Structures are given as structure tokens and as C-alpha cells.
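Chemist: So this note's numbering is basically just the index in the sequence shown, starting at one, shifted up by 209. Glycine is no exception: its CB is placed at the ideal position from the N, C-alpha and C atoms. Since the model is a prediction, treat every value here as computed from it, not as a measurement.
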Amino acid sequence: MATVLVTGGTGHLGRDVVARLKPSHHVRVLARSPGSDPDVEWIRGDLATGEGITAAVSGSQVIVHAATLSPAARRGFLLPVDFWRSPPEVDVDGTRRLLAAAVHTGVTHFAYVSIVGVDRARIPYMRVKHTAEELVRAGQVPWSILRATQFHWLTDRMLGKAARLPVVPLPTDLRTQPADSRDFADYLARRVVEGPGGQCVDFGGPEVLTLGELLATWQQIRGRQRRLLRVPVPSAVERAARDLTCPDGNRGTITWAEWLRTHPPE
Ligand SMILES: NC(=O)c1ccc[n+]([C@@H]2O[C@H](COP(=O)([O-])OP(=O)(O)OC[C@H]3O[C@@H](n4cnc5c(N)ncnc54)[C@H](OP(=O)(O)O)[C@@H]3O)[C@@H](O)[C@H]2O)c1
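(1) At what residues does the beta strand (DSSP E) containing residue 357 begin and finish?
(2) For residue 429, name the three-state secondary structure that DSSP assigns.
(3) So which of 410, 305, 262 has the shortest CA-CA distance to residue 347?
(4) Is any non-hydrogen atom of ligand 1 found closer than 7 Å to the C-beta of residue 413, if you look at the structure I gave you?
(5) Can you give me the start and stop residues for the alpha helix (DSSP H) that residue 471 sits inside?
(6) Please report the straight-line C-alpha distance between residue 252 and residue 430, rounded to a whole angstrom.
(7) Between which two residues does the alpha helix (DSSP H) carrying residue 333 extend?
(8) Between the Cα of residue 319 and those of 432, 366, 402, spot the shortest distance and give me the residue it belongs to.
(9) Taking contact to mean 3 or more Cβ pairs, one atom from each stretch, closer than 8 Å, check whether the stretch 379-391 and the stretch 408-428 are in contact.
(10) When we look at the beta-carbon of residue 245 and count the other beta-carbons within 10 Å, is it buried (16 or more) or exposed?
(11) What runs of the beta strand (DSSP E), each 3 residues or longer, lie entirely inside the stretch 241-278?
(12) So the alpha helix (DSSP H) residue 444 belongs to, where does it begin and stop?
(13) With residue 269 and residue 237 assumed to form a contact (beta carbons below 8 Å), what rounded beta-carbon distance in angstroms separates them?
(14) Following the continuous beta strand (DSSP E) through residue 390, name the residue where it begins and the one where it ends.
(15) Is it the case that the Cβ atoms of residue 226 and residue 281 are separated by a distance below 8 Å?
(16) Mark residue 404 as exposed unless 16 or more other C-beta atoms lie within 10 angstroms of its C-beta, in which case mark it buried.
(17) Could you tell me the boundaries of the beta strand (DSSP E) in which residue 330 lies?
(18) Among 468, 367, 241, 358, which residue has its Cα nearest to the Cα of residue 458?
(19) Roughly how far, in whole angstroms, is the beta-carbon of residue 350 from the beta-carbon of residue 308, given that I think they are within contact range, below 8 Å?
(20) For the candidate residues 372, 286, 265, whose alpha-carbon lies nearest to that of residue 311?
(21) Compute the minimum distance between the beta carbon of residue 359 and the heavy atoms of ligand 1, and state whether it is under 7 Å.
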């Protein structure tokens, strides 16, 4: 049974990946706060400091690198600082450390989780992810890079935060393609079985929806009615948002409405 190290295995996607891999692999998770699942080998560590990396990588054949640090995703809304800087300690420095350890311990597949459009997007978090992709491509370990569109949980968190305001300001015409992390975890798990695939086909949700449509569905299912303030955006921003979708890519099946009906608000 191959040993697969999952970084970020306590996160939204990582939990789904661990669940998919457990029946057929020995799964290790490097985590700052290890969990209690007895079917997982927990290794305490921190990608930002390097703690635990050697122990976690040693003896692993595959690494699924799904850890990330996005302050905006954590808080559920953007601040001006997010357009200026994103911390690189986990996504860039942590990736570099993992790759260095993997070269010396015979890892045969490094699967890096990324985001659709990172090569074109300008916001700092996306630039950080793109830098990490470049490290993976330039490294000596056979690799896959798998990019996904925004996950439902994050869209839900952001709308929930926005709806705390009496009026929700929203660029309603921007296009999105929200995806379920379980669908993407299936895609990732198949890649683990198939082996290194280089730059894999982008993965997106089943529907391309405008932000206005997302909010309407969210309000209806969450039972929260807020007044909407339509924010016009320049066409360059509309194009940039379109770059974060992949209508021609690989598509999941779980829709935004289905996800909302089966997940309570945070
Ligand atoms: N969210 C989206 O919409 C989306 C869309 C496309 C692709 N992605 C990508 O999918 C991957 C997973 O995202 P997610 O949505 O599952 O994020 P998430 O729920 O925020 O999970 C992030 C994970 O990274 C771990 N982590 C953070 N700092 C760490 C550190 N210093 N050392 C070790 N682990 C650390 C977290 O552990 P702690 O609990 O210790 O913080 C957590 O397990 C990322 O690569 C992300 O860029 C996300």
C-alpha cells in the first residue's frame, strides 16, 4: 500500500482528499494541530517553519500538497492589504521545503493543488500560488499540478460575511464557476492512482453563474434577504474574473444550490 502524505489534510479540500485515499492508501497528514482519526498517521509539523517535514516526507511515495495560507479566505472578506501582499511562508517557502525533502527521500509523485487562472491573475495570493507552481515545475520530483475554481465553502463564507451589512455591494455581472471540494478530491485521488500528469486539465464546477445569480440562490436557500447594491466594474475586471473559470475544463457535478441545501451556515 503506497504511503501518501497530504499537507493541508485538516482543511476543507484536504479532509475530502484524505477520505477518498484512506480505503486504498496509507495516509499521512502533516498538521499543526493533528486530528484524532486512527486510520490516519498524524505528524505534527508546520510548513512555515519546517518542523516535521523530514519525518512526514520520509517513506512517502506521493505528496498531495493542499496546504495554503490565504488570510482573505480565513476571514471571509478582502481588505486593502490583500491587493498588496500575501504571506509566502506556507505556499512558497513550505513548497520549497517539501520539494527539497522529497528529492532526497525518493518521492515519485508531487501533486500540487492550485487555482484556475493563477498564471493570469494579478492579486498577490494568486501570484504566490503561481510562484509555488513554478517551483514544482522546476523541481526534480515528477509532478502534477491540478487547478480548481473557487470552492463552495469559500463562496458561502464570503456571502455570509457580506450579508452582515444592511446592503450588499456586489459586482453582480462577474462570472464564477463554483466547485465542490469533494468533486475535486475525486479528481485528485484519480491522479494519485494514475501517477504524475504534469499540468492537468483545469477543474471547475458544473455551472457558470454570475455573482448576482450566486447571491440570489444563497438568499433563497439561506433565508436571508439583504438589499443589493450593484457595483459596476470595468471590462478588464470582467475579463479577469472570466480567467478564473474553465467552462471547457473538467467539471464536477455538485451544484451551488445542492451544496447549500446540504451544508448549514458557518
Ligand atoms: N478555497 C478555494 O476556493 C480553493 C479553490 C481552488 C483551489 N484551492 C486550493 O486548494 C487547496 C486547499 O484549500 P482549502 O480551501 O482546503 O483551504 P483551507 O480549508 O484553508 O485549508 C488550508 C490547510 O492548510 C493548512 N495550513 C495552513 N498553514 C499551515 C502551516 N503553516 N503548516 C501546515 N499546514 C498549514 C491548514 O491547517 P491549519 O488548520 O493548521 O491552519 C489547513 O489544513 C489550497 O492549495 C488552495 O489554494 C482552494
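Modeler: From the atom records:
(1) Counting from one through the sequence shown, the residue named residue 357 turns up at place 148. Run containing residue 357: 352-357, per the beta strand (DSSP E) assignment.
(2) For this step, residue 429 is matched to residue 220 along the sequence shown. Residue 429: helix per DSSP, three-state reduction.
(3) Locating residue 347 in the sequence shown gives position 138, where the first residue counts as 1. Comparing Cα positions, the closest option is 305.
(4) One-based indexing of the sequence shown puts residue 413 at position 204. Every heavy atom of ligand 1 is 7 Å or more from the Cβ of residue 413, so no.
(5) If you number the sequence shown from 1, residue 471 lands on position 262. Run containing residue 471: 465-471, per the alpha helix (DSSP H) assignment.
(6) Here residue 252 is taken as the residue at index 43 of the sequence shown, counted from 1. Here residue 430 is taken as the residue at index 221 of the sequence shown, counted from 1. Answer to the nearest angstrom: the Cα atoms are 39 Å apart.
(7) In the sequence shown, residue 333 corresponds to position 124, counting from 1. Segment 333-347, the alpha helix (DSSP H) holding residue 333.
(8) The residue labelled residue 319 in the question sits at position 110 within the sequence shown. Here the closest residue by C-alpha is 402.
(9) yes
(10) By one-based count along the sequence shown, residue 245 stands at place 36. Result: exposed.
(11) 250-253, 271-274
(12) In the sequence shown, the residue the question calls residue 444 occupies position 235. Its alpha helix (DSSP H) spans residues 444-451.
(13) For the purposes of this step, residue 269 is taken as residue 60 along the sequence shown, with counting starting at 1. For the purposes of this step, residue 237 is taken as residue 28 along the sequence shown, with counting starting at 1. Indeed they touch by this definition, with Cβ atoms about 6 Å apart.
(14) Here the question's residue 390 lines up with position 181 in the sequence shown. Not the beta strand (DSSP E): residue 390 falls in the alpha helix (DSSP H), residues 390-403.
(15) Taking the sequence shown and counting its residues from 1, one reaches residue 226 at position 17. Taking the sequence shown and counting its residues from 1, one reaches residue 281 at position 72. No; because the gap between Cβ atoms is not below 8 Å, this pair is not in contact.
(16) Counting from one through the sequence shown, the residue named residue 404 turns up at place 195. Under this definition residue 404 is an exposed residue.
(17) Here residue 330 corresponds to residue number 121 of the sequence shown, with the count starting at 1. That residue, residue 330, is in no beta strand (DSSP E); it is neither H nor E in DSSP.
(18) Position 249 of the sequence shown holds residue 458. Of 468, 367, 241, 358, the residue nearest in Cα terms is 358.
(19) Mapped onto the sequence shown, residue 350 falls at position 141. Mapped onto the sequence shown, residue 308 falls at position 99. Contact flag correct, Cβ pair sits at about 6 Å.
(20) The residue given as residue 311 occupies position 102 in the sequence shown. Checked all of 372, 286, 265; the closest Cα to residue 311 is 265.
(21) As a working mapping, residue 359 is identified with position 150 in the sequence shown. True, at least one ligand heavy atom lies under 7 Å from that Cβ.
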